[in-house]
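Student: If you're matching them up, the sequences are chains S and H in order. Quick note: the first sequence uses our numbering, first residue 192, plus one each step. Quick note: the second sequence uses our numbering, first residue 99, plus one each step. All C-beta atoms in this analysis are idealised placements derived from N, C-alpha and C, irrespective of residue type, glycine included. Starting off with a structure, shown below.
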Amino acid sequence: MKYVCSYCGYVYDEEAGDPKNGIAPGTKWEDVPEDWVCPICGAPKEAFIAQ
Amino acid sequence: MYCIRKVTEDVTWIGADDRRLAMFEGVYSVPKGVSYNSYLLLDEKAVLFDTVDKAVGRVFFENLAHVLAGRPLEYVIVQHMEPDHSATLAELLLRHPETEVVCSEKSAMMIGQFFSEDYSRRIRIVKEGETLSAGKHQLTFYSAPMVHWPEVMVTYDHADKILFSADAFGTFGALNGAVFADEMDFFGDYLDEARRYYANIIGKYSLPVQQLLKKAAGLDIAMVCPLHGPVWRKDFAAYLEKYRKWSAYEPEEAGVMIAYASIYGNTENAANILACRLSEKGVRTVMFDVSVTPASEIIAAAFKWSHLVFAAPTYNMGVFVTMDALLRDLAAHAIQNRTVMILENGSWAPASGKLMREILGGLKGVTILEETLTLKSSLRENQMEELFAAADVIAASVEAGKSGISQAEA
Numbered sequence: 192m193k194y195v196c197s198y199c200g201y202v203y204d205e206e207a208g209d210p211k212n213g214i215a216p217g218t219k220w221e222d223v224p225e226d227w228v229c230p231i232c233g234a235p236k237e238a239f240i241a242q
Numbered sequence: 099m100y101c102i103r104k105v106t107e108d109v110t111w112i113g114a115d116d117r118r119l120a121m122f123e124g125v126y127s128v129p130k131g132v133s134y135n136s137y138l139l140l141d142e143k144a145v146l147f148d149t150v151d152k153a154v155g156r157v158f159f160e161n162l163a164h165v166l167a168g169r170p171l172e173y174v175i176v177q178h179m180e181p182d183h184s185a186t187l188a189e190l191l192l193r194h195p196e197t198e199v200v201c202s203e204k205s206a207m208m209i210g211q212f213f214s215e216d217y218s219r220r221i222r223i224v225k226e227g228e229t230l231s232a233g234k235h236q237l238t239f240y241s242a243p244m245v246h247w248p249e250v251m252v253t254y255d256h257a258d259k260i261l262f263s264a265d266a267f268g269t270f271g272a273l274n275g276a277v278f279a280d281e282m283d284f285f286g287d288y289l290d291e292a293r294r295y296y297a298n299i300i301g302k303y304s305l306p307v308q309q310l311l312k313k314a315a316g317l318d319i320a321m322v323c324p325l326h327g328p329v330w331r332k333d334f335a336a337y338l339e340k341y342r343k344w345s346a347y348e349p350e351e352a353g354v355m356i357a358y359a360s361i362y363g364n365t366e367n368a369a370n371i372l373a374c375r376l377s378e379k380g381v382r383t384v385m386f387d388v389s390v391t392p393a394s395e396i397i398a399a400a401f402k403w404s405h406l407v408f409a410a411p412t413y414n415m416g417v418f419v420t421m422d423a424l425l426r427d428l429a430a431h432a433i434q435n436r437t438v439m440i441l442e443n444g445s446w447a448p449a450s451g452k453l454m455r456e457i458l459g460g461l462k463g464v465t466i467l468e469e470t471l472t473l474k475s476s477l478r479e480n481q482m483e484e485l486f487a488a489a490d491v492i493a494a495s496v497e498a499g500k501s502g503i504s505q506a507e508a
């Protein structure tokens with residue numbers, strides 16, 4: 192699954208994760224910590240919508 | 099000649115008003131002007147909080163030179179890199195080769211993007227919760243991403259209990275000498291401009307605003323110094339309550355905003371009759387011709403009122419241009435929690451109602467009433483009953499929503 196930041200368009204791809212910010216590839220969206228923020232604009236997880 | 103105001107013993111406002119600007123950000127009219135605030139703290143170190151727009155650069159540099167009176171400027175804290183607060187940064191660094199820039203990592207990136215000179219050796223990147231000492235003033239930085247750019251941070255001064263809040267709590271409107279909110283009739287003369295600023299500039303980013311409000315709630319704040327509009331040292335709670343409401347997309351007032359587009363006055367006529375009927379029923383109603391009133395005012399009104407009526411003709415198989423632009427703008431600002439009624443017009447193939455529904459359809463908490471009144475060229479006598487029925491539905495819905503609004507105020 193992929194999730195899009197509604198503020199800047201960054202796509203969180205579960206397959207790729209966000210390793211630069213400590214989210215391993217394959218991390219399911221629900222397992223991404225609540226304090227993780229969009230690496231481009233800093234938006235909170237709640238600002239993401241399922242693609 | 100310098101034009102400054104003392105904010106505290108150690109902090110001086112060295113910003114300026116601009117009353118000649120036609121369009122802020124090239125899109126928002128500012129008939130009452132706008133202020134660009136910059137603050138200078140003199141302690142063991144001299145610390146500048148942001149610079150100003152290029153339009154007021156001359157007086158800003160006169161102000162800075164006067165207050166510094168020959169002292170070196172050790173730090174400039176860049177809280178927000180938008181050019182209305184940073185356009186004069188390059189000249190500042192040229193005039194003050196001793197000055198170090200203190201900012202977030204994303205601000206440092208943007209400094210490299212906005213200016214051609216390489217300032218990387220003069221930049222100190224600070225992180226969430228980091229503190230800089232100016233002497234007796236300890237300054238702690240908190241990130242405030244997307245309020246309303248990603249690089250934004252705010253600063254808390256422990257000595258004077260000041261929150262330097264960047265664009266948060268800012269407003270359109272020149273200060274006209276009154277640097278403090280308690281020196282003006284803020285809630286009478288500035289609130290509409292504050293709402294227009296919030297709705298249009300920050301309105302989409304209410305989640306980050308709420309996060310910032312949570313961070314601020316943990317601080318003992320005696321004064322708030324934003325980058326536009328007045329400094330708060332009294333009655334801040336009342337303004338904070340407005341911010342809480344706006345950022346929760348809660349309506350401030352129970353009533354109806356009617357925004358209509360009309361080519362030859364027929365859609366306007368139906369909107370006027372609806373407004374008369376609503377007023378007769380005791381429902382507070384405001385009206386805008388979307389081809390006349392700037393979109394930013396209508397978007398601000400949409401953040402204020404509980405119920406919204408949009409009335410527009412069909413045009414080139416679409417929604418009439420000015421209404422189409424307004425609705426897309428409103429959707430881009432992610433308004434929530436409103437009740438909407440649609441009125442369409444079309445002389446041979448009315449389609450604007452369906453299309454307006456589509457634009458607003460995905461918005462969270464927005465209920466579009468099922469009734470869509472369709473005019474064919476103009477309102478007919480036999481449609482009056484239908485229009486009155488629509489007014490009854492809106493009036494009942496306004497009444498039903500009132501308890502929620504008064505509870506939120508209590």
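Could you tell me the boundaries of the beta strand (DSSP E) in which H/N443 lies?
Tutor: Residue range 437 to 443 is occupied by the beta strand (DSSP E) that includes H/N443.
Student: Let me know the secondary structure DSSP gives H/S133 once reduced to three states.
Tutor: DSSP places H/S133 in strand when its eight states are reduced to three.
Student: Figure out for me which residue from H/L138, H/S218, H/L406, H/T470 has the closest Cα to the Cα of H/G351.
Tutor: Looking at the sequence provided, one finds Glu at residue 351 of chain H rather than Gly. Comparing Cα positions, the closest option is H/L406.
Student: For the 8 Å Cβ check, are there 3 or more pairs between the stretch 245 to 257 of chain H and the stretch 299 to 316 of chain H?
Tutor: With the rule of 3 Cβ pairs closer than 8 Å, the stretch 245 to 257 of chain H counts as touching the stretch 299 to 316 of chain H.
Student: Please list the partners that H/P248 has in chain S, where partner means a Cβ-to-Cβ separation under 9 Å.
Tutor: Y198, C199, C229, I231, C232, G233, A234
Student: Quick one, which of H/A114, H/V176, H/V384, H/S127 has its alpha-carbon nearest H/E198's?
Tutor: H/V176
Student: What residue ranges within the stretch 375 to 399 of chain H form continuous beta strand (DSSP E) runs of no fewer than 3 residues, ordered along the chain?
Tutor: 383 to 387
Student: In or out: H/K204 buried (at least 16 other Cβ within 10 Å) or exposed?
Tutor: Buried.
Student: For S/A238, would you say it is in contact with chain H, using Cβ-to-Cβ distances shorter than 8 Å as the test?
Tutor: yes
Student: Short of 8 Å Cβ to Cβ, which residues in the stretch 294 to 316 of chain H face chain S?
Tutor: So the close ones are K302, Y303, L305, P306, Q309.
Student: If you draw a straight line from the alpha carbon of H/A206 to that of H/I221, how long is it in whole angstroms?
Tutor: 7 Å
Student: Quick one: using the 10 Å Cβ neighbour count with 16 as the cut-off for buried, is S/P210 buried or exposed?
Tutor: exposed
Student: Which parts of the stretch 305 to 378 of chain H are runs of the alpha helix (DSSP H), unbroken and 4 residues or longer, counting only runs that do not cross its ends?
Tutor: 334 to 345, 364 to 378
Student: Any idea if H/Y100 is buried or exposed, counting beta-carbon neighbours within 10 angstroms, 16 or more meaning buried?
Tutor: exposed
Student: Alpha carbons only, please: which of H/F401, H/K452, H/D387 is nearest the one belonging to H/M421?
Tutor: Taking only the C-alpha atoms, the option nearest H/M421 is H/D387.
Student: Measuring CA to CA, which of H/L230, H/L166, H/F270, H/E172 is closest to H/S127?
Tutor: Comparing Cα positions, the closest option is H/F270.
Student: Closer than 8 Å, CB to CB, is H/S241 near chain S or not?
Tutor: yes
Student: Under the DSSP definition of a beta bridge, which residues are partnered with H/P411?
Tutor: H/N443
Student: Would you report the Cα separation of H/E468 and H/M439, rounded to the nearest angstrom?
Tutor: Taking the straight line joining both Cα atoms gives about 8 Å.
Student: Is the stretch 207 to 227 of chain H close to the stretch 177 to 187 of chain H, with three or more CB pairs under 8 Å?
Tutor: yes
Student: How long is the line joining the alpha carbons of H/E196 and H/A266, rounded to whole angstroms?
Tutor: 30 Å
Student: For S/E237, does the count of other Cβ atoms within 10 angstroms reach 16, so buried, or fall short, so exposed?
Tutor: exposed
Student: With distances taken between CB atoms, is the gap from H/T383 to H/L376 smaller than 8 Å?
Tutor: Yes, the Cβ-Cβ distance between H/T383 and H/L376 is below 8 Å.
Student: Would you verify that the beta carbon of H/M207 is, or is not, closer than 8 Å to some beta carbon of chain S?
Tutor: no
Student: Counting only the same chain and skipping the five closest in sequence on each side, list residues whose C-beta sits under 8 Å from that of H/G459.
Tutor: The beta carbon of H/G459 lies closer than 8 Å to those of I466 in the same chain, with the five residues before and after it left out.
Student: Which residues mark the beginning and the end of the beta strand (DSSP E) in which H/S263 is found?
Tutor: In the DSSP assignment, H/S263 falls within the unbroken beta strand (DSSP E) covering 260 to 264.
Student: With DSSP run on the structure shown, which of helix, strand or coil describes S/W220?
Tutor: helix
Student: Give the DSSP bridge partners of H/H405, in chain order.
Tutor: H/V354, H/T437
Student: I need the straight-line Cα distance from H/E228 to H/D108, nearest angstrom please.
Tutor: Approximately 22 Å, taken between the alpha carbons.
Student: Count the CB pairs spanning the stretch 394 to 413 of chain H and the stretch 367 to 375 of chain H that are closer than 8 Å, and state whether there are at least three.
Tutor: yes
Student: Would you check if the distance between the CB atom of H/P324 and the CB atom of H/M282 is smaller than 8 Å?
Tutor: no
Student: Using a 10 Å radius around the Cβ and a threshold of 16 neighbouring Cβ atoms, would you call H/D287 buried or exposed?
Tutor: Exposed, because fewer than 16 other Cβ atoms sit within 10 Å of the Cβ of H/D287.
Student: Within the continuous alpha helix (DSSP H) that includes S/E237, where are the two ends?
Tutor: Where S/E237 is concerned, there is no enclosing alpha helix (DSSP H), given that its DSSP letter is neither H nor E.
Student: Between the C-alpha atoms of S/G208 and S/Y198, what's the straight-line distance to the nearest angstrom?
Tutor: 19 Å
Student: For H/D182, I'd like the list of residues in its chain whose CB is within less than 7 Å of its CB, leaving aside the five on either flank, ordered along the chain.
Tutor: Y134, D151
Student: Here's a check: name, in chain order, each residue in its chain whose Cβ is nearer than 6 Å to the Cβ of H/S202, leaving out the five neighbours to either side.
Tutor: Closer than 6 Å at Cβ, skipping near neighbours: E249, M251.
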